[in-house]
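Residue numbers (the working numbering): 1 to 409.
A virtual CB, placed ideally from N, CA and C, is assigned to each residue, including glycine.
Worksheet for the structure shown next.
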Ligand code: HAM
C-alpha cells in the first residue's frame with residue numbers, strides 16, 4: 001500500500017480547521033497593519049538560500065531539499081520565506097518604484113530535520129517582511145503585530161525574548177571575543193561547534209548541546225553607540241505594550257540578521273520557538289540590491305496551534321437528504337442543490353444505499369435533521385423533515401421547503 005513519507009503529515013478535520021482559523025486571524029491583523037499578501041513559488045534556485053540563509057547554517061548544510069531538474073538547474077524546495085521575498089522585491093524593481101514594502105506570506109516550508117513533536121519536514125509558516133524602514137519603530141511595529149496575531153488566536157504561555165546582534169561595526173569585535181573565549185573550551189564542544197567556532201561562533205550559543213552551558217559565562221556584546229541607541233529605542237517603544245525579556249544568548253540560526261532579533265517561545269521543549277525573526281539590514285545589498293534596511297518574522301503555524309491547545313467548536317447544524325426509492329433520487333438530488341443554494345449545509349446523496357444505510361450516514365455526519373423523500377411524498381410534492389434528536393417529523397411542501405429548513409437550522 002502507498003505510504004506517507006517520514007516527517008510529512010496528512011492533516012484532517014478538525015485539526016485542519018486550526019490552520020484556517022490561524023490564517024484568517026493573521027490575515028485580519030495584517031490588513032490592520034497595512035501588510036499585503038505575496039504568494040511566492042515553492043521552488044527557487046538553490047544558490048538563493050546559500051547566499052542568504054547562509055552557507056554555514058544547519059538549514060543550508062543539512063536540511064535543504066535540493067535537487068537538479070531536467071534542465072540541469074540546481075534547485076531547492078524553500079526552507080524559509082525571507083530569501084524568496086527579497087528576490088521577488090529585487091527582481092520586480094520595487095527598489096526604484098516603491099522601496100518601502102510590507103509583505104506577508106502564508107505557505108509551507110521544507111526542512112529535512114529529524115522529526116519530533118513540533119518539528120516537521122513540511123510545516124507552515126506565516127511570515128511578514130517590512131522592507132525599507134530602518135527606524136526602531138518598525139521593529140516595535142512588527143513585534144507588536146506578531147503579538148496581536150498570536151494573542152488574538154489564543155496562543156498561551158509564551159515568552160517574548162529579544163536581543164541585538166549589532167552591525168558590521170560592532171559584531172566583528174564580539175565575534176573575536178567569543179572565539180577567544182570558546183577556544184579555551186574547544187575540547188569540550190560538540191563536533192558541530194568545533195567547526196562552527198571559526199566560521200560562525202555565534203551559533204555555538206544557539207547549539208542545543210553546548211549553548212545552555214555558556215549562559216551567563218560568555219562575553220557579552222558591546223554594541224556601538226548607534227546600535228545601542230536603536231536597541232534602547234525598540235525597548236522603550238515596546239514597554240507597557242508587551243512583556244519581554246532581553247536574552248543575550250538569543251543569536252538565531254540564520255546568517256542574515258543584524259541588530260534586533262526576537263523569538264516568541266512557548267513551553268520548555270527544545271522546539272519551543274513558536275515564531276521568530278529580526279532585522280536584516282545588509283541582506284538586500286548582499287543580494288545585489290541597493291542598501292535597504294528590513295525586518296521580519298515567521299511563525300510556525302503548527303507550533304502556534306500546539307500552544308493554543310484543543311478548542312471546543314460549536315457544532316454546525318446540517319440536514320441530510322434521504323431518498324426512499326429509486327424514482328425519488330433525482331428530486332432528492334435537486335433538493336440537495338436547492339438547499340445548498342439557499343445557504344443550508346446539506347449532506348446526502350448515498351441514494352444507492354437502503355434507508356438504514358442513508359440514516360447511518362445522517363448520523364455519522366452529525367446532521368441535525370434528515371429530509372426524507374419517498375414515493376408518497378413525491379406524489380404530494382412534500383418531504384418529511386425529521387429532527388434527529390427528538391425524532392419529531394413534519395411534512396413540508398416543496399415550494400416552502402428551503403425557507404422552512406432555513407428557519408430551523
Ligand atoms: P526560523 O527561526 O528558521 O526563521 O523559522 C521561523 C519559525 O518557523 C520557527 O520559530 C518555528 O516556529 C517554525 N519552524 C521552523 N522549523 C520548523 C520545523 N521543522 N517544524 C515546525 N516548525 C518550524 C525563519 O524562517 C526566518 N525566515 C524568519 C524571518 C522572517 N526572519 C526575518 N524575516
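Mark residue i as exposed unless 16 or more other C-beta atoms lie within 10 angstroms of its C-beta, in which case mark it buried.
i: residue 478; result: Residue 478 cannot be examined here, being either before or after the span of the chain that is shown, 1 to 409.
i: residue 218; result: buried
i: residue 123; result: buried
i: residue 260; result: buried
i: residue 188; result: exposed
i: residue 72; result: exposed
i: residue 190; result: exposed
i: residue 8; result: exposed
Is residue i near the ligand HAM, in the sense that its beta carbon is under 7 Å from a heavy atom of that ligand?
i: residue 254; result: yes
i: residue 82; result: yes
i: residue 33; result: no
i: residue 49; result: no
i: residue 15; result: no
i: residue 44; result: no
i: residue 280; result: yes
i: residue 277; result: yes
i: residue 221; result: no
i: residue 87; result: no
i: residue 300; result: yes
i: residue 36; result: no
i: residue 357; result: no
i: residue 126; result: no
i: residue 123; result: yes
i: residue 129; result: yes
i: residue 120; result: yes
i: residue 111; result: yes
i: residue 149; result: no
i: residue 273; result: yes
i: residue 303; result: yes
Please work out which residues of its chain come closer than 6 Å, Cβ to Cβ, to residue i, disregarding the five sequence neighbours upstream and downstream, and give them in chain order.
i: residue 228; result: none
i: residue 178; result: 201
i: residue 139; result: 234, 260, 295
i: residue 322; result: 358, 370, 372
i: residue 127; result: 81, 105, 298
Write down the C-beta distance between residue i and residue j rounded to the nearest angstrom, noting that I regard them as a contact closer than 8 Å.
i: residue 347; j: residue 365; result: 5 Å
i: residue 208; j: residue 25; result: About 31 Å; that fails the 8 Å criterion.
i: residue 130; j: residue 242; result: Rounded, the Cβ-Cβ distance is 17 Å, inconsistent with contact.
i: residue 40; j: residue 118; result: Incorrect: roughly 24 Å between the Cβ atoms, too far for contact.
i: residue 257; j: residue 165; result: 5 Å
Which residue wins for smallest C-alpha separation from residue i, given the options the options?
i: residue 110; options: 164, 65, 156; result: 65
i: residue 377; options: 71, 387, 395, 74; result: 395
i: residue 264; options: 246, 326, 183, 161; result: 161
i: residue 342; options: 144, 298, 403; result: 403
i: residue 83; options: 52, 99, 12, 41; result: 52
i: residue 299; options: 143, 401, 115, 116; result: 143
i: residue 98; options: 224, 89, 277, 104; result: 89
i: residue 132; options: 211, 273, 291, 216; result: 291
i: residue 221; options: 167, 183, 212, 192; result: 167
i: residue 247; options: 283, 325, 11, 159; result: 159
Using a Cβ-Cβ cut-off of 8 Å (strictly less than) and excluding sequence neighbours within five positions of residue i, which residues of its own chain qualify?
i: residue 157; result: 266, 267, 307
For residue i, which residues of its own chain have a beta-carbon under 7 Å away from its beta-carbon, when the five flanking residues on both sides are left out?
i: residue 386; result: 369, 370, 372, 393
i: residue 69; result: 75
i: residue 367; result: 318, 319, 320, 347, 388
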